[in-house]
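Protein chains in written order, with the numbering used here: chain A, 233 to 614; chain B, 29 to 217.
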Amino acid sequence: MAKLMTVEEMAKKVLHDKLFILDVRNDEEYKKWKIEGKQVESLNIPYFDLIDGVEHLLEKLPRDNRDILVVCAQEGSSRFVAEKLSEAGMDHVYYLQGGMKTWSKFYHSELVAADENLKLFQINRLAKGCLSYMLISEGEALVLDPGRKTDVYVDLAQKEGVVIRHIVDTHVHADHISGGPELAGKTGGTYYLPSSDVQDGTVLFEPLENHPQITMGKVVVEVLAIPTPGHTPGSTSLLVNKKYLLSGDTIFVGGLGRPDLGGKVKEWAQMLYETVFTTIADIPDDIYVLPGHYSTVAEINDQHIVGDYLGDIRQRNEIMRTQNRKAFTETVEASDSSEKPPNFDKIVLINRGLETVTPEKATELEIGPNRCAVHHSTPEPD
Amino acid sequence: MSVKVDVQLDCKGLSCPMPIVRTKKAMDQLEPGQVIEVQATDPGSLADIQSWAKNVGHQYLGTKQEGDLLKHYLRKAGNYVMKERKYPRMIQNEELIQKLNSDKNIYILDVREPAEFAFGHIPGACSIPLVDLENRIAEVPKDRTVYVICRTGTRSDMAAQLLTGHGFENIINVVPGMSVWTGPVEQEN
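Dropping the structure here:
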């Protein structure tokens, strides 16, 4: 009998272990978006090529002791194929509970730092490469860039015995629907957004630019809001205790946030140049950057955290050292011709409060990778 | 638009893999050239049925959406080898496009299945599927030049022979046919 694997069980394997994935969705869906991990090997054969039997597939499957996980969009087709594999004598065969749809809504928390004054969690939505954060000090919490599944933050706060007081979005997101307004409603916390990203939107928020400092607990944690326009005009990074730079979509471990999603690529590319060579240039190398996204699993470090020292990021990413304004802007403007986040224009409207959708529709809109980075040095893998 | 088909298959409420599993079973029962309408509500069936049809060689005709209901149309692949065309009078697609540019009143007879016709045909073309042609032969004008077209020129070749056998004198087969047609096309709504 093929066995069920939950997304929680799969997440552990994706982060810590070896896994062989047989993805039975059609090849276009697979090319756009798939499950990745450092020790994950995957193979795509659509389920409709396996209706008559799986015999021709068996030789392509591993015969070591790795688990074989069959994955599809929702669950039905992966179960169908997994059972055929079991009947054909394959062991260690699993199918993924709820398929890619459930995987896209799974969040994994990892503790980044803990001392007597500060606890910092990185909450990784592995399927999309979206990162959010919870900062805790003296019984209070600040949540940064929360995803739509707000229970994750409420549950974590409860487990930690803290109250969520502040909810911040570094910018109006284009790749996922913000959980900010809902979380503010659930917790009574204040929801902050940079006004210049909201424009004529109707979402209720406190202008982030009016709060150059947000204090938590007994002023133990200093949160410094630094305008870092480029990915969006309002993009803001938070410097925590002069140690951690929560950089939103401005700086990633693997590069910079793309400036093209607002339809003003030339203008925003200039802003990004100013940000990188004035604001960020003043921040020392030993500040630890915790970004809003990653685009490949190579950006996840051995502690299962996506983050790196600013100095190392500068050193690795040529674009951060490209001081020639023309060369810099031309490179980041090139992002305009690469594939955009799925449904980004609609998601922006929702995040500005100009459109509402049902939870089912929201899930559908968010399916797929984040695609928020400028890819300058390495081409995007197919 | 309602489309005449040979078989209707109800896959409403089923999620994958069942719409494709059932479609495959139903297709196995069909004769080559017959058309099936698959009714499904799973949005994923749209991409999957196209990919599946392409992989196994069936002809995907198109999909009509009515609210949440998707109606997919497929034509079973023929297992016959491309026969040599026997009817001698032929015209290339490009020549017909030129004729259409100068004369909109050309009589074009499209002998494909109604569903194939519905998802794209030359504006003004008359639809009589090859299998019905003998019964409906009176609908074809004897005093005009008739350009017969199908997907690849095979069915239209047979139609041209049939019409000539019934005493029609001005019959011309259009080759290669609609599969590579680059001229104007309209769809039924």
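No residue lacks a Cβ here, since even glycine has one placed at the ideal position from N, Cα and C.
Practice task
Using three-state DSSP, classify Ile200 of chain B as helix, strand or coil.
Solution key: strand
Practice task
Can you say whether Gln502 of chain A is buried or exposed, counting buried as having 16 or more other CB atoms within 10 angstroms of its CB?
Solution key: buried
Problem - Ser79 of chain B and Asp259 of chain A closer than 9 Å at C-beta - result: yes
Practice task
Would you grab the beta carbon distance between Gln354 of chain A and Lys333 of chain A for me? Rounded to a whole angstrom, and I think it's under 8 Å.
Solution key: So it is not a contact: roughly 24 Å between Cβ atoms.
Practice task
Could you check if Pro212 of chain B is buried or exposed, using at least 16 other CB atoms within 10 Å of its CB as the buried criterion?
Solution key: exposed
Practice task
For Thr510 of chain A, count neighbouring C-beta atoms within 10 Å of its own C-beta (all shown protein chains included) and say buried if the count is 16 or more, exposed if not.
Solution key: exposed
Handout entry: Gln306 of chain A: contacting residues in chain B (beta-carbon distance under 8 Å)
Key = Ser43, Cys44 and Gly72
Practice task
Using 10 angstroms around the beta-carbon of Gln87 of chain B, count the other beta-carbons present and answer buried if the total reaches 16, otherwise exposed.
Solution key: buried
Handout entry: Val159 of chain B burial status per 10 Å Cβ neighbour count (16 or more: buried)
Key = exposed
Practice task
Kindly list the residues whose CB is nearer than 6 Å to the CB of Glu612 of chain A, restricted to its own chain and excluding five residues on each side of it in sequence; keep chain order.
Solution key: Annotation note: pLDDT 41 at Glu612 of chain A (below 50); position unreliable, coordinate value reported separately. Closer than 6 Å at the Cβ level, and outside the excluded window around Glu612 of chain A, lies no residue.
Exercise for the section: Please confirm whether Gly371 of chain A and Gly393 of chain A have their CB atoms less than 9 Å apart. Expected result: yes
Handout entry: Unbroken alpha helix (DSSP H) run spanning Glu598 of chain A, endpoints
Key = Pro591 to Glu598
Exercise for the section: Just the C-alpha distance for Asp614 of chain A and Ser336 of chain A, rounded to the nearest angstrom, thanks. Expected result: Any reading at Asp614 of chain A must be qualified, since the residue scores a pLDDT of 37, below 50, and its modelled position is unreliable; the value itself is stated next. In a straight line, the C-alpha of Asp614 of chain A is about 19 Å away from that of Ser336 of chain A.
Handout entry: C-alpha gap between Lys53 of chain B and Pro47 of chain B, whole angstroms
Key = 10 Å
Practice task
Determine, using beta carbons only, whether Asp96 of chain B comes closer than 9 Å to chain A.
Solution key: no
Practice task
Name, going along the chain, the residues of the stretch 274-297 of chain A whose beta-carbon falls closer than 7 Å to a beta-carbon of chain B.
Solution key: Pro278, Tyr279, Phe280, Asp281 and Ile283
Practice task
Using alpha carbons as the reference points, say which of B:Leu74, B:Gln215 and B:Asn83 lies closest to Asp96 of chain B.
Solution key: B:Leu74
Practice task
Mind listing the chain A neighbours of Ile48 of chain B? Cutoff is C-beta to C-beta under 8 Å, in chain order.
Solution key: Tyr279, Phe280 and Ile283
Practice task
Find the residues of chain A that neighbour Ala75 of chain B, judging by a C-beta separation of less than 8 Å, and give them in chain order.
Solution key: Asn258, Glu260 and Glu261
Exercise for the section: Give a yes or no on whether 9 Å exceeds the smallest Cβ distance from Asn133 of chain B to chain A. Expected result: no
Problem - Contacts of Ser309 of chain A in chain B (Cβ-Cβ under 7 Å) - result: Cys44 and Pro45
Practice task
Please report the Cβ distance between Leu317 of chain A and Lys292 of chain A, rounded to the nearest whole angstrom; I am assuming they are in contact, meaning their Cβ atoms lie under 8 Å.
Solution key: The Cβ separation is near 11 Å, so there is no contact.
Exercise for the section: With 9 Å as the threshold, decide whether the Cβ of Phe312 of chain A is near any Cβ in chain B. Expected result: yes
Problem - Three-way DSSP call (helix, strand, coil) for Gln555 of chain A in this model - result: coil
Practice task
From the DSSP output, in three-state form, read off Ser609 of chain A for me.
Solution key: Confidence at Ser609 of chain A is low in this model, with a pLDDT of 40, below 50, so its placement is unreliable and the value that follows should be read with caution. In the structure shown, Ser609 of chain A sits in coil (DSSP, three-state: anything other than H, G, I, E or B).
Problem - Limits of the unbroken beta strand (DSSP E) element including Met118 of chain B - result: Met118 to Gln120
Practice task
In the DSSP assignment, find the beta strand (DSSP E) that holds Gln57 of chain B and state where it starts and stops.
Solution key: Here Gln57 of chain B belongs to no beta strand (DSSP E); instead the alpha helix (DSSP H) covers Met46 to Gln57.
Handout entry: Where Leu290 of chain A falls: helix, strand or coil (DSSP)
Key = helix
Problem - Asp38 of chain B - containing beta strand (DSSP E), residue span - result: Val35 to Cys39
Exercise for the section: Kindly indicate which residue of A:Asp540, A:Ala513 and A:Arg295 has the alpha-carbon position closest to the one of Tyr520 of chain A. Expected result: A:Asp540
Exercise for the section: Run the CB neighbour count on Val31 of chain B, radius 10 Å, all protein chains shown included, and call it buried at 16 or more, exposed below. Expected result: buried
Exercise for the section: For Leu470 of chain A, count neighbouring C-beta atoms within 10 Å of its own C-beta (all shown protein chains included) and say buried if the count is 16 or more, exposed if not. Expected result: buried
Handout entry: For Lys235 of chain A, the residue or residues it bridges with in DSSP
Key = A:Tyr326
Exercise for the section: Assign Lys558 of chain A to buried or exposed, taking buried as 16 or more other Cβ atoms, counted over all protein chains shown, within 10 Å of its Cβ. Expected result: exposed
Handout entry: Residues sharing a beta bridge with Gly371 of chain A, DSSP
Key = DSSP lists no partner for Gly371 of chain A.
Practice task
Check whether the Cβ of Thr447 of chain A lies closer than 8 Å to any heavy atom of the ligand GDP, and answer yes or no.
Solution key: Because no ligand of any kind appears in the structure shown, any question about the ligand GDP cannot be addressed here.
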